[in-house]
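A.B. asks: In the working numbering, the protein residues as written are 718 to 1021.
(1) With DSSP run on the structure shown, which of helix, strand or coil describes residue 795?
(2) Taking the runs of the alpha helix (DSSP H) that are 4 residues or longer, which of them lie wholly in the stretch 872–940?
(3) For residue 746, report the span of its beta strand (DSSP E) as first-last.
(4) How many angstroms separate the CA atom of residue 921 from the CA atom of residue 883?
(5) Quick one: Cα of residue 842 to Cα of residue 880, how far?
(6) Report the three-state DSSP secondary structure of residue 845 (helix, strand or coil).
(7) CA-CA distance, residue 930 and residue 852?
(8) Between which two residues does the alpha helix (DSSP H) carrying residue 762 extend?
(9) Are the CB atoms of residue 908 and residue 967 nearer to each other than 8 Å?
(10) Below 8 Å, how does it come out for the stretch 772–782 and the stretch 740–755: are there three or more Cβ pairs, yes or no?
(11) Would you mind working out which of 790, 871 and 828 sits nearest residue 803, comparing C-alpha positions?
(12) From the DSSP secondary-structure annotation, give me the bridge partner or partners of residue 861.
(13) Let's see if you can read the secondary structure: which residues bound the alpha helix (DSSP H) around residue 970?
Here it is in structure tokens:
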């Protein structure tokens, strides 16, 4: 299959390398030449992670295109992976329209914009589908598949088949909701975590330790729904009857986050956010994260 990936931000390089490793020819493109260069420079680290996972190279080819037209020429599937802005994505879809055959599948890696809203901006919306990867995409095997109101069933089936053929795990949503499932669960967790730190209940370091070695440790082995059964629904009913009313339910963004953002303290990308990072930290973190995720994934796969 000929596949084009548009957008070489934090997700694009890993997606491109993983799909090529699965035997497909991939042309990657970003409007910024610097982004294409950075993506190419990340490939050795990504390939090392794929080797660590013992993912067999099926002989696909990955190349970087110099233009959108070159990237999508002859593509059976185009994966859009550009910033989370409807207008920006809509502008790209308008550019794609005259370049694609009517049956070329267009998938978006949006983290949460409803697919129905996005497919309204492309001709032949039946061929448009959500394909939400999780970061880092070359290591995390789960991919959400989301149909919009006009997405054809055979398009959903084609994406599910591609994901399975790559040896990955498609999770198909039954409804097109903002944030899909993974990010809705994640952001509910993050809202409570930020609130607890902001109210002085716990320091950021201790909160991370609590989650990593508490619920995070358990959830890697047993999912939330089965965890309810394991704990007992009667226990959940009893505790949630008083605890739910105490949980953070704010519908805006925490001042702790907005204040830091206004100061340009955006996290690792700026060298500081809720924590400070040295150059050594920023160099070591991606490699250490990959090594740990690979080790955990191998253990989980061995027990499945």
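No residue lacks a Cβ here, since even glycine has one placed at the ideal position from N, Cα and C. If you're wondering where the values come from, they're calculated on a predicted model, not measured in any experiment.
C.D. replies: Taking the geometry as given:
(1) Numbered from 1 along the chain shown, position 78 holds the residue referred to as residue 795. If DSSP states are grouped into helix, strand and coil, residue 795 belongs with the strands.
(2) 899–915, 921–930 and 932–936
(3) Within the chain shown, residue 746 is the residue found at index 29, counting from 1. First-last of the beta strand (DSSP E) with residue 746: 742–746.
(4) Looking up residue 921 in the chain shown gives position 204. Looking up residue 883 in the chain shown gives position 166. Near 37 Å, if we compare the C-alpha coordinates of residue 883 and residue 921.
(5) Locating residue 842 in the chain shown gives position 125, where the first residue counts as 1. Locating residue 880 in the chain shown gives position 163, where the first residue counts as 1. Rounded to the nearest angstrom, the two C-alpha atoms are 21 Å apart.
(6) Translated into positions along the chain shown, residue 845 becomes position 128. Of the three classes helix, strand and coil, the one that applies to residue 845 here is strand, per DSSP.
(7) What you label residue 930 is simply residue 213 of the chain shown in a count that begins at 1. What you label residue 852 is simply residue 135 of the chain shown in a count that begins at 1. The straight-line gap from Cα to Cα measures roughly 21 Å.
(8) The count along the chain shown starts at 1 and reaches residue 762 at position 45. Start and end: 750–769.
(9) Reading the chain shown from its first residue, position 191 is the one you call residue 908. Reading the chain shown from its first residue, position 250 is the one you call residue 967. Yes; because the gap between Cβ atoms is below 8 Å, this pair is in contact.
(10) Two segments are said to touch when three or more pairs of C-beta atoms, one from each, lie closer than 8 Å; by this definition the stretch 772–782 touches the stretch 740–755.
(11) On the chain shown, position 86 is the one that residue 803 refers to. Comparing Cα positions, the closest option is 828.
(12) Residue 861 sits at position 144 when you count from the first residue of the chain shown. For residue 861, which the question treats as bridged, DSSP gives the partners 849 and 888.
(13) One-based indexing of the chain shown puts residue 970 at position 253. Counting along the chain, residue 970 falls outside any alpha helix (DSSP H), and DSSP gives it neither H nor E.
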